[in-house]
Ligand code: ATP
Ligand code: MG
């Protein structure tokens, strides 16, 4: 098997070898190269100790020197070069107590999580595949290196990584590996929110977000997203739906563009449905208020998972307004845009489309037709550059002050009323018209 190393990675490996050390490209880059995917970064593993690596290259950074990792800079591009190591005894399902360097490449490969991530390559020795990585790649299987149970006891995050790789690559998970996850999923409680968040995001933006179902079946969401388990168990007995809330959510994810904000919003759009379910007089399930409560719950969940504030506010906004369906009139759409905030557009349309496509066939064409009309009106409003915010009003605070109004709450109120006028009739957004309206409002 031949793998095309980038020049700079090859240069680092050659330099280490010429100094009498062993060196290989290793891990994800080898996996991705064999699969014909573009590797994200090229990690290098070497028998050289960190101080020896530092002596060979003029520009290095001590990235994780206590774990043997040095970043080597080649023309400002960084490559992580890590000394062969074995991880010492693991404590509490996450940290090796100490790491020890080893002269043996195979020992280093053994500590890696999955067979497909445990291969190394250089031009001198070709591919080193001691654990059947190529055969598992060919068969499309995620399999632990060694005893799965033991590997998950060392680091519980590997359980989520197994499902994430299955989602990214369209693979299945080996039986023994899967059984071990099922048995040990509870130990994920020892893993930090940050590490869990990173894996959840990678799974969601992958080619197979439907693998959320595997997270559920193996007991992983039960630990890191119990709200999702409630969704999976919540039936929705009404003509619009043919799945449970969770089943609908998974189907909707499959219809959502591959984007972090959109996929998170769709994941959580119905999160409050289990809490909002009521049986109507028609004998059907209703979910009054679920978008509003959903926005709140989404905020709590995303904060718990330590997402950044920008992500949280974007996702919550989409969850809160995903079910807002204004009449198809320009003025009603303008009001809807003001309600949700312009930041929610056009993303909200992708969420709504995914939602519709994951519902029953009942009235689907009408729903899609409506959505098309909604989008077209929104586009027209944009093209005409109609005023949607206080900032875009033809008058501002100083104009009102010039009229003799003092700054204060009254002034805010007047501006809001003027915005109402303009939302109703955009033609009114002219300075003289609005000033006389303001005078009218003030004379009452
Ligand atoms: P990606 O960059 O897409 O997340 P990757 O395979 O490169 O995929 P990294 O987290 O960058 O994953 O790690 C690089 C390599 O380090 C992996 O290929 C694997 O060999 C090893 N590795 C990473 N995390 C773990 C872990 N938790 N347990 C064991 N080995 C791991
Ligand atoms: Mg990587």
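Residue numbers (the working numbering): 621 to 1064. Ideal Cβ positions, reconstructed from N, Cα and C, are used throughout, including at glycine.
Counting only the same chain and skipping the five closest in sequence on each side, list residues whose C-beta sits under 7 Å from that of residue 860.
979, 980, 982
Pull up the distance between the alpha-carbon of residue 1061 and that of residue 892, whole angstroms please.
41 Å
Which of helix, strand or coil does DSSP assign to residue 980?
coil
What does DSSP give as the partner residue(s) for residue 697 in the beta ladder?
694
May I ask whether a heavy atom of ligand 2 can be found less than 7 Å away from the beta carbon of residue 684?
no
Quick one: Cα of residue 730 to Cα of residue 778, how far?
14 Å
Can you list, in chain order, the residues of its chain whose CB lies under 7 Å from that of residue 629, leaving out five sequence neighbours each side?
645, 662, 664, 699
Note down, in chain order, each residue of its chain lying with its Cβ closer than 6 Å to the Cβ of residue 934, except the 5 sequence neighbours on either side.
881
Got a sec: does ligand 2 put a non-hydrogen atom nearer than 7 Å to the Cβ of residue 648?
yes
Could you tell me the distance, in whole angstroms, from the CA atom of residue 647 to the CA atom of residue 739?
6 Å
With a threshold of 7 Å (Cβ to nearest heavy atom), would residue 787 be considered close to ligand 1?
no
Per-residue DSSP class, three states only, for residue 767
coil
Under the criterion of a Cβ to heavy atom distance below 7 Å, does residue 819 qualify as lining ligand 2?
no
Please list the terminal residues of the continuous beta strand (DSSP E) segment that includes residue 664.
663-666
Does the distance between the C-beta of residue 660 and the nearest non-hydrogen atom of ligand 4 fall short of 7 Å?
By its list of ligands, the structure shown excludes ligand 4, since it contains just ligand 1 and ligand 2.
Just to confirm, does residue 737 get its C-beta within under 7 Å of one of the non-hydrogen atoms of ligand 1?
yes
Just to check, is the beta-carbon of residue 651 closer than 7 Å to a non-hydrogen atom of ligand 1?
yes
Residue 925, buried or exposed, once every other Cβ within 10 Å from all chains shown has been counted against 16:
buried
Express the C-alpha separation of residue 991 and residue 969 in angstroms, rounding to a whole number.
7 Å
Looking at residue 804: is its Cβ nearer than 8 Å to the Cβ of residue 773?
yes
Compare the C-alpha of residue 1094 against each of 654, 631, 653, 651 and name the closest.
With the chain represented from 621 up to 1064, any question about residue 1094 goes unanswered, as that position is not in the structure.
Could you check whether the region 956-966 touches the region 867-882, counting it as contact only if at least three pairs of C-beta atoms, one from each stretch, sit closer than 8 Å?
no
With burial defined as no fewer than 16 other Cβ atoms inside 10 Å of the residue's Cβ, what is the status of residue 831: buried or exposed?
buried
Cβ of residue 719 within 8 Å of Cβ of residue 732?
no
Residue 959, DSSP secondary structure in three states:
helix
Bridge partners for residue 742 per DSSP, in chain order?
746
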